[in-house]
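End of the sequence shown = 305 in my numbering, gap-free, step of one.
Note that beta-carbon positions come from the ideal geometry of N, C-alpha and C, so glycine has one too.
On a predicted model such as this, the values are computed, not experimentally measured, just so you know.
The structure appears right after this line, and notes come after that.
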Amino acid sequence: MTGVEAVVQRYYGDRPVIQRIDEALRAAGIDPERPSHRDLWPFDQLHSRGIVGTQEHAEQARIRAGMYVLDLGCGLGGASRYLAAECDCRVAAIDLTPNFVEVARILTARCGLADRVEIREANALALPFQDGTFDHVWSYAVTMNIADKEGLAREVARVLKPGGRFSCNEIEQGTGGAPVFPLPWATNEASSFIVSPAAMRAALEASGLSILEQVDLTTTRLGDTGRRPIVERDDFPVRLRNLQSCLADGRLLAQLILAEKSS
């Protein structure tokens with residue numbers, strides 16, 4: 043593991059996740075041992091806009107029933123379970139953080155989806171899958187913690203089937219100057235690796251992927267002052283305010299990229 047990966051793992055890996063989720067479910071009158079996947083939506087969608095963001099991403103990515111999807115940086119497995127249960131996909135999911143992988147497996151088993159969702163601890167730069175495995179690779183709020191964009195693009199292209207697609211929902215560098223930390227994905231520059239939309243596009247194209255869409259989503263993120271995700275630190279309101287400020291003044295922007303591997 044590189045020094046960068048260790049920093050990212052430490053940032054996400056020290057949180058008492060399952061205890062918080064169990065307590066929240068009990069408070070809502072739900073047996074934490076037998077939740078539905080929808081019962082978990084308030085707690086297991088760790089990215090901006092929660093389950094609404096997941097639903098919109100699935101629509102924009104044109105996810106279809108029967109696809110084999112790789113969820114890259116799955117966190118607690120919320121998007122993976124959505125893709126399996128709501129989109130009728132088979133899903134493989136990876137995350138760098140052992141704590142998140144363990145909880146994702148527990149929650150997936152409790153929902154009765156373990157036969158549709160396989161979750162592994164793995165690095166996005168060294169995916170444990172054969173070439174040409176997946177119909178789609180899904181990424182939401184992950185690339186900001188990955189320094190080697192070219193290496194990521196090569197691995198995504200490698201594991202996609204010919205004609206397969208990559209959807210990436212992320213925060214990128216705007217033209218308004220350096221962002222203000224802390225931010226939701228990083229306390230400082232040590233684990234934040236944002237690049238411009240042009241640089242991300244170039245990395246994907248260098249791997250042989252063709253860009254189908256590159257959409258600015260910044261307006262959909264402005265004004266997002268939603269509640270603190272259950273796994274986040276107590277200073278999350280500060281991180282969210284910084285993100286909102288940087289989105290508003292152009293230091294950061296949000297985008298969706300949809301790319302395809304040639305047939």
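**Study point:** proline 58 classed as buried or exposed, judged by whether at least 16 other C-beta atoms fall within 10 angstroms
**Key:** Exposed, because fewer than 16 other Cβ atoms sit within 10 Å of the Cβ of proline 58.
Review point. Under a three-way DSSP split, which group does serine 233 fall into?
Key: It is helical.
Check your understanding: Assuming glutamine 17 contacts aspartate 258 under a Cβ cut-off of 8 Å, what Cβ separation, rounded to an integer in Å, is found between them?
Key -> Limits of the chain in this structure are 43 at one end and 305 at the other, which puts residue 17 out of reach.
Practice item. Following the continuous alpha helix (DSSP H) through tryptophan 180, name the residue where it begins and the one where it ends. Key: For tryptophan 180, there is no enclosing alpha helix (DSSP H); the enclosing beta strand (DSSP E) covers residues 176-182.
**Study point:** Buried/exposed call for glycine 292, threshold 16 Cβ in 10 Å
**Key:** A residue is called buried when at least 16 other Cβ atoms come within 10 angstroms of its Cβ; glycine 292 does not meet this threshold and is exposed.
**Study point:** the region 228-246 / the region 205-219 touching (three or more Cβ pairs under 8 Å)
**Key:** Yes, the region 228-246 touches the region 205-219.
**Study point:** Coil, strand or helix - leucine 138 by DSSP
**Key:** In this structure, leucine 138 counts as coil in the three-state DSSP scheme.
Practice item. Could you please give the first and the last residue of the uninterrupted alpha helix (DSSP H) stretch that includes valine 59? Key: 59-69 is the extent of the alpha helix (DSSP H) around valine 59.
Practice item. State the DSSP-derived secondary structure class of alanine 164, mapped to helix, strand or coil. Key: Coil at alanine 164, not helix or strand.
Review point. Hey, out of Ile136, Glu101 and Glu255, whose CA is closest to glycine 117's CA?
Key: Here the closest residue by C-alpha is Ile136.
Check your understanding: Given a threshold of 16 other Cβ atoms within 10 Å of its Cβ, counted over all protein chains shown, does glycine 205 qualify as buried or as exposed?
Key -> So glycine 205 counts as exposed.
Exercise for review: For arginine 283, count neighbouring C-beta atoms within 10 Å of its own C-beta (all shown protein chains included) and say buried if the count is 16 or more, exposed if not.
Suggested key: Taking a 10 Å sphere around the C-beta of arginine 283, we find fewer than 16 other C-beta atoms and assign the residue as exposed.
Practice item. Going by DSSP, name the residue or residues bridged to glutamine 215. Key: Leu294, per the DSSP bridge assignment.
Review point. With distances taken between CB atoms, is the gap from valine 273 to aspartate 177 smaller than 9 Å?
Key: It is not a contact, given that the beta carbons lie outside the stated cut-off.
Check your understanding: Who are the Cβ neighbours of glutamate 163 in its own chain at under 6 Å, not counting the five residues just before and after it?
Key -> Its chain contains Pro140 and Val143 as the residues whose beta carbon lies nearer than 6 Å to that of glutamate 163, once the 5 sequence neighbours on both sides are disregarded; these appear in chain order.
Check your understanding: Taking the continuous alpha helix (DSSP H) assigned at glutamate 101, which residues delimit it?
Key -> Per DSSP, glutamate 101 belongs to the alpha helix (DSSP H) from 92-102.
Check your understanding: So does the region 190-201 actually touch the region 243-252, counting three or more Cβ pairs closer than 8 Å?
Key -> The region 190-201, when compared against the region 243-252, does touch it at the 8 Å Cβ threshold.
Exercise for review: Measure how close the beta-carbons of leucine 82 and glycine 120 come, nearest whole angstrom, since I'm counting them as under 8 Å.
Suggested key: Between glycine 120 and leucine 82 the Cβ distance is about 7 Å, and since that is below 8 Å, they are a contact.
Point to revise | Runs of alpha helix (DSSP H) lying entirely within the region 241-294, each at least 4 residues, in chain order | key: If one requires a minimum length of 4 residues, the alpha helix (DSSP H) runs lying completely within the region 241-294 are 260-263 and 278-290, in chain order.
Point to revise | Where the alpha helix (DSSP H) containing valine 201 begins and where it ends | key: Counting along the chain, the unbroken alpha helix (DSSP H) around valine 201 starts and ends at 191-201.
Review point. For the 8 Å Cβ check, are there 3 or more pairs between the region 219-232 and the region 149-159?
Key: Short answer: they don't touch.
Exercise for review: Compute the Euclidean distance between the alpha carbons of glycine 108 and glycine 218, then round it to the nearest angstrom.
Suggested key: One C-alpha to the other measures close to 42 Å.
Point to revise | Selection from Arg76, Tyr124 and Cys288 that minimises the alpha carbon distance to isoleucine 93 | key: Of the candidates Arg76, Tyr124 and Cys288, the one whose C-alpha sits nearest the C-alpha of isoleucine 93 is Tyr124.
Practice item. Taking only beta-carbon positions, decide if glutamate 192 is within less than 9 Å of chain C. Key: No chain C is present in this structure, which holds just one protein chain.
**Study point:** 8 Å Cβ shell around arginine 91 - same chain, five flanking residues per side excluded
**Key:** Same-chain partners within the cutoff: Glu98, Thr262, Arg263, Asp266 and Gly268.
Review point. In terms of residue numbering, what span does the beta strand (DSSP E) encompassing aspartate 173 cover?
Key: Taken as a continuous stretch (DSSP letters only), aspartate 173 belongs to no beta strand (DSSP E), as it is neither H nor E.
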